[in-house]
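Protein chains in written order, with this note's numbering: chain A, 64 to 163; chain B, 20 to 1017; chain C, 47 to 465.
The block underneath contains the structure these notes are about, expressed in structure tokens.
Here it is, written out as structure tokens:
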């Protein structure tokens, strides 16, 4: 699997560290809403198909990348810097297994 | 002259004789021979014994698809088992042994298994050996008793027990077009791609590129095909943009058009040339791929089809044309298609007698009948072979009339004398790599074969791989594929080489099995018969995967290259379904077996890097014994002669507490946290405040994970307004760095903070003990080190013997102590200067054991307590949880499960029987040595405390805070250590901290 | 259906093996069942078996989208052990072990469970203490465990590099003698046959395409073989839990799907009789009764449903194997494959009622699901039949994450790829 780092170019997956689901947005630090925190820390969309996720180019420039990748084919369709990605807000009212 | 070597012909070098041994017997062959061709030339027909019934087996193929003729290559004590004789190039001194036989290949007692073959059919294991339900053999015992014998008999070759002294290496390659297979299609594809300016790699699994051109006997561009191939190869090799890799098996097609190949660099030599690895593991990243991997011939399934002397017709063509070897003298041929006629012609030409041509088809072609007439012998159209005769070697065949449409046999069987039977059951394109990078293969009813699937990665196919079996088509498709792969369009197709070859109809009759009485083998290596396939059907194992798993069809070392389609066809017929409706198994990597050594590459014998501190050499020279801490080597003790580990650390500890000692702390993780928002950032990641820390001061900090459990601890030093130096535990250095980077890059990109790992840039030496200040005073220049200049948690800059140092007064030992940091390059210099300055104070270097002892006495936590399951409260670190601000983990740390009263909490443990304690021992309220139960928790660390004169430990104990001052027992059944203990506070020594503040 | 035995084998041999009957029927779906179990893998089949056997609930269908046992029950490295650290895990897996020990008799099907041991190698004194902690935890729950010395290990495992000059010298190990391996496919087939003999319908090639709900309550499923109603719908589709639960309207789960690769070598004369694990990386190996070394290592480390692995892990696993066995450099890898694992947020499974009314959930097995097969089915059957968990699976709830009562054997927190 190759991921094209915007700094370093196409690099092998072994240079990267997977940092998980990129659909999550950290709640307001002052929030005490346990449900929202629980969703952030434990719940995952885990789709079979296109997945927004974070990878760190840990064996290279160490930037975190917002990657869209298909979990069925491993085809990477987009890569950008996570800090620029303007992180997609997750819907905290998604129906979660733990809640229901 | 060897008995089976043709008088002339072949691509071997008849002037070069090669000597080798097989099962201790000396043989000769010629340069260019494989073990199989050389042994066949010597008249050897018995090569191996089958897996289950130990039936005698010969050579079926001439290539990587060989199921039978597996051997072990011996080189001294090093063994390489299960190598197909068809893939092994001979060299002088080659020493080969047959396998899976006892006492010898010719007389194998395992062949007795055949007597029970009706009982030992597919799946018999599952139906028996359960044993009695009660009594001494109940449970798993009876099975394990039987299994012991099964395992004695199992397995093919033996693995060696001696370390393989070979070297392996890994190579990364990048190209525009990778061509897999160097037959006419592959050669032309490589040429076309190269002509278009692409960077080309051409991989060929055999020693001599050229593929079928090496044995087809055809004429290309007026030259014998093999010469044309050699010529074309010379041209390609001379090109700057082409790299040719012979003896290279492309075995994996991974994501991102990354292909993996193994090059057998030196397997054809007695010893590798200087600098040569044995195998080279290629990782090839390419824009596109041309798959020109050819096709495998299929055998026919009929009784006695496994007898030595039965060989694929295509293989025989190769033996005669490439190696000048006749597989027999009186040869019968049995086919369902035209390709075998070509073999008959070549064998006749080389001097063999064709005794019979048996073709299941009634309506054979005019050309076929013509060839049959020319080669002589009986021509039996509409017939089938229903048995072979002979012992461990074919001596004849039995034939009978067959209706190819229904498979019905008629008339009486009749014997024909022959010493070799060549069979052809049609051809299956070699679509394995395509299957790894494509959808489902597609069945072609005319070819009776699966054709390549639709690609999911960037490849194109050419030639027999596509089901295009003529050389002319291979060349035109190869050309087109080369251009497509190179992204070019303007190839000159009119200049393609001309081919002079017999035209033949590639379509076989749809006959896979001849149903006559007797054992008919589908998977030769695993002894799976046609009846086994039908038994699987009878018992409901009808999906192709169930068939495979129930009968083990296709699971042998050849991975079913010759058996998958016949097996599938028999199942389809039994089910009354078309073949594609039964399905096909997906081919997975590797295409052919790959040596483990090659995949490890340069990591063979060197699995991980070693991390050494700047002072490592000094430690070695001064008698340190080392302890592995992750990748680091850290001094454990500096033992004196005759000292035990305990004696050494007790001596070192006493020296520190009573005077002064020096320990290497360079392994601590160190992260420079810099920028205008550094303080704010640290406030968010530590549970306590750091933005308020004064410049030139350090503070102990605690980090939680998002889920509220403790992540790590350490001190962070404020070096400037926007400049902090964070230290982490040795084990968590990488983890903490990544955690911080993630937060900055993903969660808080607005913060202006830069992180730099500086672990390797600083050497750290901690000097501890009541005399430590005196030592510093004696050697540090440029700063004072007294209590005013350097108070507890203060930082100063100075020099030691000319080297700049940064000194922070902090203590892990509980003594007056300092950490002296210098540039890594000055580490040893500063260390030695400290030792020298300490000599008047009897300074000792101390290791991890003494360090650990002092931290246990002080009740400081490390990785044994911060084990990913403990909270700040569990570790008595509640005082560090700021109430003034949110921090990472603050929202989740108060969940009910994290604040429960009965959680494991940190306590001190004192041995009451004055015997040592061990980390990992458990704590119980009631001692029961026979049936240990009721664990309250466990010891995380233990030592002899010279300060207390007792054996003590730290422990995590259920509701431990409330248990202080109570009695309990140590229960360590694994090390048979039981005894009374007292649960106490984890602060054993100087709880007020007066010593370190002094 | 006839009992299997040595006698039956002999009898059938005399009649040319013509009289063997299918191991399980291939029935048509009924319009409704008392219980539907989605997932015809090890856990789904064992659940059906124990529902019938322990609770007399036989009007049950097991729905499998492909062929029976096509998921992880046929894709694992076959190790069976109960050598866990935390008491909740030790108790659950030990219950499984006890069921394993009598499974071949119980099913009248030889699942070839062979207790040749599982040895965890330790390479530092600290690690040996960790293993002692774990082994003592097991002993205090009545489970066998012992420490082994390097000399004992060298004797037990020929070819292992026990030299002091090894990059990571072996200084000891934790052995569970009752651990071992079983024939993975046979477990699926044996449970299928056992459930079938008690009247359970096993419906292969029957893929669930949606849930039928009455309000919030799940009352059935739509499948590629038609609509099927049920009083209770149980989900046991580890690897694909997220995907199936989404059909039921549950968007997120405390699970990520990861791919784990496994490898088998060419057949060798057996020399490795125990299950062996490396302590300074992630590597485990055993040798099958056919002689193939069966081994694996770390997850590929990213979400995947692809059942295909990547090259860096292949290289890593082989390097680790040679660090332990330098003599195996000339052994060859025969096959590799990938299984999709439900990696949960604490590394422990979920066996529970809910999360919707009428629904029951069994998932989150990480890569430890095979050994759990008997206990998982046993506990899940109890949970379905009684509408409450058995004490063995009571800790493995879905709400434990919210409550913070997580069961984190590896102490890695909510990073699934590290469990």
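For every residue, glycine included, the Cβ atom is placed at its ideal position computed from N, Cα and C.
Straight-line Cα distance separating residue j from residue i
i	j	result
residue 874 of chain B	residue 175 of chain C	18 Å
residue 736 of chain B	residue 745 of chain B	6 Å
residue 617 of chain B	residue 259 of chain C	55 Å
residue 453 of chain C	residue 460 of chain C	11 Å
residue 182 of chain C	residue 971 of chain B	19 Å
residue 445 of chain B	residue 363 of chain B	16 Å
residue 433 of chain B	residue 332 of chain B	22 Å
residue 593 of chain B	residue 416 of chain B	27 Å
residue 68 of chain C	residue 599 of chain B	23 Å
residue 1023 of chain B	residue 272 of chain B	In the structure as shown, chain B begins at 20 and stops at 1017. Residue 1023 of chain B is therefore absent and cannot be evaluated.
residue 685 of chain B	residue 457 of chain C	26 Å
residue 693 of chain B	residue 922 of chain B	38 Å
residue 58 of chain C	residue 168 of chain C	50 Å
residue 90 of chain A	residue 907 of chain B	11 Å
residue 163 of chain B	residue 94 of chain B	35 Å
residue 635 of chain B	residue 107 of chain B	48 Å
Residue i burial status per 10 Å Cβ neighbour count (16 or more: buried)
i	result
residue 724 of chain B	buried
residue 53 of chain C	exposed
residue 432 of chain C	exposed
residue 191 of chain B	exposed
residue 4 of chain B	Residue numbering for chain B in the displayed model covers 20 to 1017; residue 4 of chain B lies beyond these limits and cannot be assessed.
residue 167 of chain B	exposed
residue 375 of chain C	buried
residue 436 of chain B	exposed
Closest Cα partner of residue i within the set the options
i	options	result
residue 994 of chain B	B/1017, B/947, B/940 and B/733	B/940
residue 517 of chain B	B/502, B/494 and B/868	B/494
residue 680 of chain B	B/834, B/48, B/586 and B/802	B/834
residue 103 of chain B	B/436, B/611, B/201 and B/804	B/611
residue 508 of chain B	B/765, B/820 and B/500	B/500
residue 437 of chain C	C/141, C/265 and C/127	C/141
residue 619 of chain B	B/782, B/479 and B/186	B/186
residue 96 of chain C	C/197, C/139, C/152 and C/179	C/152
residue 477 of chain B	B/127, B/275 and B/64	B/275
Contact set between residue i and chain F, taken where Cβ atoms lie within less than 8 Å
i	result
residue 761 of chain B	The structure shown contains no chain F; its protein chains are A, B and C.
Contact residues within the segment 166–184 of chain B, judged by C-beta distance below 7 Å to chain C: 166, 169, 170, 173, 174, 175, 176, 177, 178, 179, 180, 181, 182 and 183
Entirely enclosed beta strand (DSSP E) segments - the segment 469–499 of chain B, minimum 3 residues: 478–480
Complete beta strand (DSSP E) runs within the segment 308–358 of chain B (minimum length 3 residues, chain order): 314–316, 329–331 and 349–354
Beta strand (DSSP E) runs contained entirely in the segment 435–459 of chain C, provided each spans 3 or more residues: none
Every unbroken alpha helix (DSSP H) inside the segment 92–129 of chain B [4 residues or more]: none
Continuous alpha helix (DSSP H) assignments of at least 4 residues falling wholly in the segment 77–156 of chain C: 88–101, 133–147 and 149–153
Members of the segment 284–299 of chain C near chain A, C-beta cut-off 9 Å: 286, 287, 288, 289, 291, 292, 295, 296, 297, 298 and 299
4-residue-minimum alpha helix (DSSP H) runs that sit fully inside the segment 155–219 of chain C, ordered along the chain: 171–185 and 196–202
Selection of the segment 332–350 of chain C by Cβ proximity to chain A, strictly under 9 Å: 346, 347, 348, 349 and 350
Members of the segment 64–76 of chain A near chain B, C-beta cut-off 9 Å: 64, 65, 66, 73, 75 and 76
Contact list for the segment 760–786 of chain B against chain A, Cβ threshold 7 Å: 760, 761, 764, 765, 766 and 768
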